Amino acid sequence: NLGGSLHELGQLKAAVKSYEKTLEIEPDYAEAHNNLGNVYKELKQNELAVKSYQKALEFKPGYVEAQYSLGIMFQDLGQFEAAIKCYEMVLAIKPDFEEAHNNLGVAFLNLNQFDEAVKSYKAAIKIKPDFVEAINNLGITFFKLHQLDDAIRCYERAITIKPDYVDAHANLATTLKDL
36 NLGGSLHELG
46 QLKAAVKSYE
56 KTLEIEPDYA
66 EAHNNLGNVY
76 KELKQNELAV
86 KSYQKALEFK
96 PGYVEAQYSL
106 GIMFQDLGQF
116 EAAIKCYEMV
126 LAIKPDFEEA
136 HNNLGVAFLN
146 LNQFDEAVKS
156 YKAAIKIKPD
166 FVEAINNLGI
176 TFFKLHQLDD
186 AIRCYERAIT
196 IKPDYVDAHA
206 NLATTLKDL
């Protein structure tokens, strides 16, 4: 579609106009609302992005992509409880979605719900054993729990999988300094 092509070309304002035109013709087109939300997110128009994702879900309940994107928006806005609800809804439909498990862990971590964060990261890693971001995030959680040996093992595992993973190197250095 034209909106998608314009979005891919980086012509974001034109993509918005194209999606808006599509929605004038077919206002209940959930995918167009979702895609419009994606463009608004890129334009840093967060409130409009949230509204677009919510509209997509209004017309297509259980729309995993829109629910997940809404969760990311809430997380970016610091609304972690709302993000958790979105990710849990996604995982109820698609339990093998490792990115949703990882982001659920991030939301729990931001609320200092460390046990829940650990469970979420472990679920992501079980689905995708080489998921370095989840392994690194698990290490961060162990660090916050003062389980430094476990944190070090996570960072080293992430580095073994992806030797140029800067975050894991930095986290490992910070943890070794605290020993």
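Okay, so the sequence shown: first residue is 36 according to my numbering, each after it adds one.
Glycine included, C-beta positions come from ideal geometry on N, C-alpha and C.
Small disclaimer: the values here were computed from a predicted structure and weren't measured.
Every unbroken alpha helix (DSSP H) within the segment 53-118, with a cutoff of 4 residues, ordered by chain: 65-77, 81-94, 99-111
Measure the Cβ-Cβ separation of Val51 and Leu37 and say whether it is below 8 angstroms. Locating residue 51 in the sequence shown gives position 16, where the first residue counts as 1. Locating residue 37 in the sequence shown gives position 2, where the first residue counts as 1. It is not a contact, given that the beta carbons lie outside the stated cut-off.
Please state whether the Cβ-Cβ distance between Leu119 and Gly97 is less than 8 angstroms. Residue mapping note: residue 119 aligns to position 84 of the sequence shown, counting from 1. Residue mapping note: residue 97 aligns to position 62 of the sequence shown, counting from 1. It should be pointed out that residue 119 corresponds to Ile in this sequence rather than to Leu. Cβ distance not < 8 angstroms, so Ile119 and Gly97 don't count as in contact.
For Tyr156, the first and last residue of its enclosing alpha helix (DSSP H): Taking the sequence shown and counting its residues from 1, one reaches residue 156 at position 121. Element bounds for Tyr156: 149-162.
Between which two residues does the alpha helix (DSSP H) containing Leu207 stretch? Mapped onto the sequence shown, residue 207 falls at position 172. Here the alpha helix (DSSP H) through Leu207 covers 201-212.
On the CB-based measure, 16 or more other CB atoms within 10 Å of its CB, does Asn69 come out buried or exposed? If you number the sequence shown from 1, residue 69 lands on position 34. That one is buried.
Closest Cα partner of Ile160 within the set Leu139, Gln148, Asn147: Indexing the sequence shown from 1 puts residue 160 at position 125. Ile160 has its Cα closest to that of Leu139, out of Leu139, Gln148, Asn147.
Could you name the residues of the same chain whose beta carbon sits closer than 7 angstroms to that of Phe177, not counting the 5 residues immediately before and after it, in chain order? Your numbering for residue 177 matches position 142 in the sequence shown. Cβ neighbours of Phe177 beyond the five flanking positions: Asp185, Ala186, Cys189.
Hey, is Ile107 close to the ligand ADP, as in C-beta under 7 angstroms from one of its heavy atoms? Inclusion of the ligand ADP in the displayed structure is not the case, the ligand content being empty and no account of it being possible.
Counting only the same chain and skipping the five closest in sequence on each side, list residues whose C-beta sits under 7 angstroms from that of Ala49. Here residue 49 corresponds to residue number 14 of the sequence shown, with the count starting at 1. Excluding residues within five positions, the ones whose Cβ falls inside 7 angstroms are Leu41.
Quick check on Thr57: buried or exposed, where buried means 16 or more other Cβ atoms within 10 Å of its Cβ? Counting from 1 along the sequence shown, the entry for residue 57 is found at position 22. That one is buried.
Whose C-alpha, out of Ala101, Gly174, Leu112, is nearest the C-alpha of Asn137? For this step, residue 137 is matched to residue 102 along the sequence shown. The shortest Cα separation from Asn137 among Ala101, Gly174, Leu112 belongs to Gly174.
For Glu168, does the count of other Cβ atoms within 10 angstroms reach 16, so buried, or fall short, so exposed? As a position in the sequence shown, residue 168 is number 133, starting the count at 1. Buried, since its Cβ has 16 or more Cβ neighbours within 10 Å.
In whole angstroms, give me the CA-to-CA distance for Leu207 and Ser87. On the sequence shown, residue 207 is found 172 positions in, with the first residue counted as 1. On the sequence shown, residue 87 is found 52 positions in, with the first residue counted as 1. Approximately 40 angstroms between the Cα atoms of the pair.
Three-state class that DSSP yields for His181 in the structure shown: Here residue 181 refers to the residue found at position 146 when the sequence shown is read from its first residue. Three-state DSSP puts His181 in coil, outside helix and strand.
Cβ pair Met108, Ala91 closer than 8 angstroms: Here the question's residue 108 lines up with position 73 in the sequence shown. Here the question's residue 91 lines up with position 56 in the sequence shown. Taking 8 angstroms as the Cβ cut-off, Met108 and Ala91 do not qualify as a contacting pair.
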